[in-house]
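Q: Residue numbers (UniProt numbering): 1 to 136.
Built from N, CA and C at the ideal position, the CB exists for glycine as well.
From a predicted model like this one, the values you see are computed outputs, not experimental measurements.
1) With 16 other CB atoms within 10 Å as the buried threshold, where does residue 23 fall?
2) Between the stretch 71-87 and the stretch 47-60, are three or more C-beta pairs nearer than 8 angstroms?
3) Below 8 angstroms between beta carbons: does that hold for residue 38 and residue 119?
4) For the structure I just gave you, are there three or more beta carbon pairs, one from the stretch 68-77 and one from the stretch 121-131, closer than 8 angstroms?
5) At the level of alpha carbons, what is the spacing between residue 135 and residue 59?
6) List the endpoints of the continuous beta strand (DSSP E) containing residue 83.
7) Residues bridged to residue 34 by DSSP?
8) Based on the DSSP output, what are the partners of residue 39 in its beta bridges?
9) Assuming residue 68 contacts residue 131 (C-beta within less than 8 angstroms), just tell me the rounded distance between them.
10) Taking the alpha-carbon positions, what's the residue 11 to residue 104 distance?
11) Give the straight-line distance between the Cα atoms of residue 6 and residue 89, rounded to the nearest whole angstrom.
12) May I have the straight-line CA-CA distance separating residue 17 from residue 62, to the nearest angstrom?
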C-alpha cells in the first residue's frame, strides 16, 4: 500500500494577521496540472484547506509578493498529463510524453506530482532568485 501523500504548497505570509498567498500546482495526472497563486488565510485558521504540516523555508519581502513570485513560478513547467485510460487493459496507466502507453518491459519514470514540482522546481528557483532568503 502506498504511503499517504499530502498536497504540497508554498505559503507566503504577507499580512499581520498571518494571511498571505499559496503558490501551488493543481490538477491531476490524467489531465495535467497548472500553476496557481491564491490568497489564503493563516494556515492554522484556514477552514477551506487542511494543512498537514508547516516548514519555514525562509524570509521573503512583502514587496516581492505576489507579482515577482508569480513570475518565477509561471516559468516553471507544471506536471504534464502522465496517465490515460487504456482501453486494451481497461485501466488508467502511465503514458509517455507523446501519449503512447508503455509496454510491459519498458521502464516507467517516476510520476511528477505537486510535491515534486514544489520541492524540486519551485522552492529551489525561488531560493536561487533570492526571493526567499534561507531561514537561519
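A: Short version:
1) buried
2) no
3) no
4) yes
5) 7 angstroms
6) 83-86
7) 26
8) 21
9) 6 angstroms
10) 40 angstroms
11) 29 angstroms
12) 14 angstroms
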